[in-house]
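The structure appears below as structure tokens.
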Amino acid sequence: MSKRYTITAALPYTNGPIHIGHLAGVYVPADIYARYLRLTGNDVAFMCGSDEHGVPITIKAKKEGVTPQDIVDKYHAIIKKSFEDFGITFDNYSRTSAKIHHDTAQEFFKTLYNKGEFIEEVTEQLYDEEANQFLADRFVTGTCPKCGNEEAYGDQCENCGTSLNATDLIIPKSAITGNTPTLKQTKHWFLPLDKHEDFLKEWILKGHKKDWKPNVYGQVKSWIDDGLRPRAVTRDLDWGIPVPVEGADGKVLYVWFDAPIGYISATKEWAEREGKDWEPYWKDENTKLVHFIGKDNIVFHCIIFPSMLKAEGSYILPDNVPANEFLNLEGNKLSTSKNWAVWLPDYLEDFPGQQDVLRYALTANAPETKDNDFTWKDFQARNNNELVAIFGNFINRVVVLTRKYYEGVVPEPSKLRDIDEKTLAALRAYPEVISSSIERYRFREASQELMNLARLGNKYLADEEPWKVIKEDEARTKTIMYIALQIAGALAILSEPFLPFTSKKLKEILAMETPEMAGGYISDRFIKGVSWKNLKDRISLDNFIKPGHCIEEPQLLFTKIEDKDIQAQLDKLETSKKANEAANKVAEPQKEEITFDDFTKLDLRVGTIIEAEKMPKAKKLLVLKVDTGIDTRTIVSGIAESFTAEEVIGKRVTVLVNLAPRKLRGVESEGMILMTESPEGKLVFVNPDANQDVANGLQIS
RNA sequence: UGAGAUAUAGCUUAAUUGGUAGAGCAUCGCUCUCAUAAGGCGAAAAGUUUAGGUUCGAUUCCUAAUAUCUCAACCA
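Residue numbers (our numbering): 31 to 731.
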């Protein structure tokens, strides 16, 4: 039965290109889903676009000395091209700087405003006079009122872990100019999420207990149980969508408010272009709305955006939000700043025409229920052992034999044996099996079922041995080859959502029509009108790869990836990471001049760590006992992310001994150990030259 | 710090409402020769992170602990 679907994929933020993590977590699964639904005859609107507002873009622009518009233009183009290159079939890829989006978002805001869905509040915020702007919490540092740490951020003190407001900080400083900010009144609008709490409980906690993924459901439940509070929907900023009401000069919509509305504006833009009506895709109860996102976006898509849609009143709500977890790369988190990533444009340069290999490797190893690791070795294995050896090889065997025995003409089968019936029965079940996995958002399982179909083909050939039978029973050989060809044909159809480029190639080999031919004149030599839905019946009726149909020359669908290609990728990761670190390493300017007297105030001693243990429930802290020569004292040090307690024992260190004692997590720390940092961000002890015999307690001057 | 998710063969993972833990890769045998030195068959390999509890019976439910990740805190 045909149904209307609106599918959205998280809007990529335009402050960089996209990498395999984005692809694996969001865009490939979303594309598989969208393609599958189209193939099964549904009405699909698959929407995405660039998310181009928000503070980080203005920061990046400032850093590079260009305008925010320059930044978003650059990355919008790169990202859009990557999606096209990888066969992500958005019906529209828009951008939030588009006029239609500004209009849509403003209109949305105004509707809520007029309905009285917002709360207005005037608060005092820190303001940087020189930069002429209000400061986001992140851009204020100062002294923590709890523990006295002088480097606390406006949102949290990294030292004691307390959550803060920027205005709580003692001696606040602007991270932009270094000036002391002033307090200034500002008015903002808030969406009272608490007002929608009952509805959210009913809709999600009761209504979607069974069909939403546990991580999504759990996250939402925890938020709701915690009690929802009003969220600001506007900001003081000059980059974004102006707040469309009186007295809101210099204010824009908060980026998370405008971004999800981007799905709606993208749909409008598309509908206009295609001459359709956009409204059914967002307002008809029979439309199924599905958001594909990463796990970091759960709250916005499950609580905030639905609350907005509900408050507006005329919109439908998502049927499911199948958020994925994250993908790691070779054991480490993907990181743009450390350049620890596989960027899509780079991949295509090194593996031209091999989009499907990456799509497949990412699907087969997708982080559906937990974070997963992408390794090049696994990538190679997926290609060589599965795509080449099982899928590609099966197709090649069938096509080569058909050309060899019958000059490419599909032979006429005779009476079927038991094994033929069984094989055909198994074959006919596959569309259903794969559908079931896809509809439950289990894409890695679905991709493995596809591979199992190719295995079925290989086994059938191995069992029936047409290359032997041809010597004694030509009729039987024809039957065998006919059945093998049905399997090859089914692979061409069923692989399309996962391996669209391969599917097209395979259809060309088998002389089947491809989606690209749609609309034009199609010669009778092509097989036509096969769909995911009618495949089963056409096989049953001998109306699929029919006897007498002529197939093309064989060509290889996949090629082996050699060890050296994989090594090259590993080396590349390592070098680009290093290069990036070097480039990012900017020496801090020299601090204010001090007198010799200032220096002599510091009492630095050589010491040895004699005991160490991990501070319970703290990520960074080790509790150390240090022999300073004058005494043995306890020092709490934030080095646990770089060292284990064991490896630190016996280390020679430099200790600042006359630092005023301070309690960290209830343990009195009497002094400080001098550290510096390696390029990888790992801490390094500043200690006496290991070759010299230096006694503990010696002063350093 | 508070909350959520995850933990199953060497690796990646599956297991309807509790009922003999099922695959793939890698490994090791056997085997075919149409095919990209590919295919097929078979074997070995886990008793489910740890400690308790409920139950006739627990991977599954409960409690606690540990580890990893995420959110709260503008990177899929």
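Note that the Cβ used here is the ideal one computed from N, Cα and C, for glycine as well. Remember, it's a predicted structure, so these values are computed and weren't measured experimentally.
Can you name the residues that DSSP bridges to D657? Within the first sequence, numbered from 1, the residue matching residue 657 stands at position 627. Paired residues: T638 and T662.
Have a look at Y123, I201 and Y460 and flag the residue whose alpha-carbon is nearest the alpha-carbon of R303. Looking up residue 303 in the first sequence gives position 273. Y123 is the residue among Y123, I201 and Y460 whose C-alpha sits nearest the C-alpha of R303.
Just curious, the beta strand (DSSP E) that I149 is in, first and last residue? Position 119 of the first sequence, counted from the first residue, corresponds to residue 149. Segment I149 to D158, the beta strand (DSSP E) holding I149.
I need the boundaries of the alpha helix (DSSP H) containing P310, first residue and last residue. Position 280 of the first sequence, counting from 1, holds the residue named residue 310. P310 to K313 is the extent of the alpha helix (DSSP H) around P310.
Below 8 Å, can you find three or more Cβ-Cβ pairs linking the segment 496-513 to the segment 462-482? Touching, no.
What alpha helix (DSSP H) runs, 4 residues minimum, are completely inside the segment 319-370? For the segment 319-370, whole alpha helix (DSSP H) runs of length 4 or above, ordered along the chain, are 335-342.
Starting from the C-beta of R389, find all residues in its chain whose C-beta is less than 6 Å away, skip the five residues before and the five after it, and write them out in chain order. Numbered from its first residue, the first sequence carries residue 389 at position 359. If you ignore the 5 residues before and after R389, its C-beta comes within less than 6 Å of the C-beta of V58, all in its own chain and listed in chain order.
Restricting to Cα atoms, I'd like to know which of K576, D633 and T88 is closest to K508. Here residue 508 refers to the residue found at position 478 when the first sequence is read from its first residue. When K576, D633 and T88 are compared, the shortest CA-CA separation from K508 is found for K576.
Give a yes or no on whether the C-beta atoms belonging to F392 and I464 are separated by under 8 Å. Your numbering for residue 392 matches position 362 in the first sequence. Your numbering for residue 464 matches position 434 in the first sequence. First, the residue type needs correcting, since residue 392 is Leu and not Phe in the sequence shown. Against a cut-off of 8 Å, the Cβ pair of I464 and L392 comes out as no contact.
In this structure, what does DSSP give as the bridge partners for A262? Here residue 262 refers to the residue found at position 232 when the first sequence is read from its first residue. F220.
DSSP-derived helix/strand/coil call for V282: Translated into positions along the first sequence, residue 282 becomes position 252. Here DSSP, grouped into helix, strand and coil, assigns V282 to strand.
Tell me, to the nearest whole angstrom, how far the beta carbon of V439 is from that of G237; I am working on the premise that it is less than 8 Å. Numbered from its first residue, the first sequence carries residue 439 at position 409. Numbered from its first residue, the first sequence carries residue 237 at position 207. The pair is not a contact, with the Cβ atoms about 56 Å apart (cut-off 8 Å).
Beta-carbon spacing of N316, R34 below 8 Å: Sequence index remark: in the first sequence, residue 316 carries index 286 (1-based). Sequence index remark: in the first sequence, residue 34 carries index 4 (1-based). Cβ distance < 8 Å, so N316 and R34 count as in contact.
For my contact list, R663 and E700 are in at a C-beta cut-off of 8 Å; report their separation, rounded to the angstrom. Along the first sequence, read from residue 1 onward, the residue named residue 663 stands at position 633. Along the first sequence, read from residue 1 onward, the residue named residue 700 stands at position 670. Yes, R663 and E700 are in contact; Cβ-Cβ is about 5 Å, under 8 Å.
Give the straight-line distance between the Cα atoms of K298 and G277, rounded to the nearest whole angstrom. Along the first sequence, read from residue 1 onward, the residue named residue 298 stands at position 268. Along the first sequence, read from residue 1 onward, the residue named residue 277 stands at position 247. So the two alpha carbons sit approximately 29 Å from each other.
Quick check: L634 and T684, are their CB atoms within less than 8 Å of each other? Numbered from 1 along the first sequence, position 604 holds the residue referred to as residue 634. Numbered from 1 along the first sequence, position 654 holds the residue referred to as residue 684. Yes, the Cβ-Cβ distance between L634 and T684 is below 8 Å.
Check whether the Cβ atoms of L359 and F404 sit closer than 8 Å, and answer yes or no. Numbered from 1 along the first sequence, position 329 holds the residue referred to as residue 359. Numbered from 1 along the first sequence, position 374 holds the residue referred to as residue 404. Yes, the pair counts as a contact, with Cβ atoms nearer than the cut-off.
Restricting to Cα atoms, I'd like to know which of P382, D100 and V387 is closest to D408. Taking the first sequence and counting its residues from 1, the one referred to as residue 408 is at position 378. For the residues P382, D100 and V387, the minimum Cα distance to D408 belongs to V387.
Whole-Å CB distance - T212 paired with Y157, under 8 Å assumed: As a working mapping, residue 212 is identified with position 182 in the first sequence. As a working mapping, residue 157 is identified with position 127 in the first sequence. About 5 Å; that satisfies the 8 Å criterion.
With DSSP as the reference, label P443 as helix, strand or coil. Along the first sequence, one-based indexing puts residue 443 at 413. It is coil, neither helix nor strand.
L347 and T36 closer than 8 Å at C-beta: As a position in the first sequence, residue 347 is number 317, starting the count at 1. As a position in the first sequence, residue 36 is number 6, starting the count at 1. The answer is no: Cβ separation not under 8 Å.
Could you check which residue in Y435, R506, N402 and F473 has the C-alpha nearest to that of K445? Residue mapping note: residue 445 aligns to position 415 of the first sequence, counting from 1. Ranked by how close their Cα comes to the Cα of K445, the residues Y435, R506, N402 and F473 have R506 in first place.
If you draw a straight line from the C-alpha of I703 to the C-alpha of L686, how long is it? Indexing the first sequence from 1 puts residue 703 at position 673. Indexing the first sequence from 1 puts residue 686 at position 656. Roughly 6 Å between the two C-alpha positions.
Which residue's Cα is closest to the Cα of E227: I254, F220, G248 and E469? Position 197 of the first sequence, counted from the first residue, corresponds to residue 227. Ranking the options by Cα distance to E227, first place goes to I254.
DSSP has S124 in a bridge; who is on the other side? For the purposes of this step, residue 124 is identified with residue 94 of the first sequence, where counting begins at 1. DSSP, once it has assigned bridges, lists G79 as partnering S124.
Whole-angstrom Cβ separation of D73 and S32, contact assumed at under 8 Å? Counting from one through the first sequence, the residue named residue 73 turns up at place 43. Counting from one through the first sequence, the residue named residue 32 turns up at place 2. Beta-carbon to beta-carbon, D73 and S32 are separated by about 6 Å, close enough to satisfy the 8 Å threshold.
Excluding the five sequence neighbours on either side, which residues of its own chain have a C-beta within less than 8 Å of the C-beta of E538, listed in chain order? As a first step, residue 538 must be located in the first sequence, where it is residue number 508. Contacts found: T544 and E582.
Helix or strand or just coil, what does DSSP make of E618? Residue mapping note: residue 618 aligns to position 588 of the first sequence, counting from 1. Bear in mind that a pLDDT of 47 at E618, under 50, signals an unreliable position, so the number given afterwards is only what the model happens to contain. Coil at E618, not helix or strand.
Taking just the CA atoms, how far does L689 sit from G637? By 1-based counting over the first sequence, the position of residue 637 is 607. By 1-based counting over the first sequence, the position of residue 689 is 659. A straight-line Cα-Cα distance of about 15 Å links G637 and L689.
Helix or strand or just coil, what does DSSP make of I517? Taking the first sequence and counting its residues from 1, the one referred to as residue 517 is at position 487. Helix.
Which of the three DSSP states, helix, strand or coil, is assigned to Q585? As a first step, residue 585 is located in the first sequence; it is residue number 555 there, counting from the start. Coil at Q585, not helix or strand.
Cα-Cα separation between E494 and K306, rounded to whole angstroms: Position 464 of the first sequence, counted from the first residue, corresponds to residue 494. Position 276 of the first sequence, counted from the first residue, corresponds to residue 306. Answer to the nearest angstrom: the Cα atoms are 53 Å apart.
What residue from E232, N245, E159 and K239 has the CA that sits closest to K203's CA? On the first sequence, residue 203 is found 173 positions in, with the first residue counted as 1. Measuring from the Cα of K203, the nearest candidate turns out to be E159.
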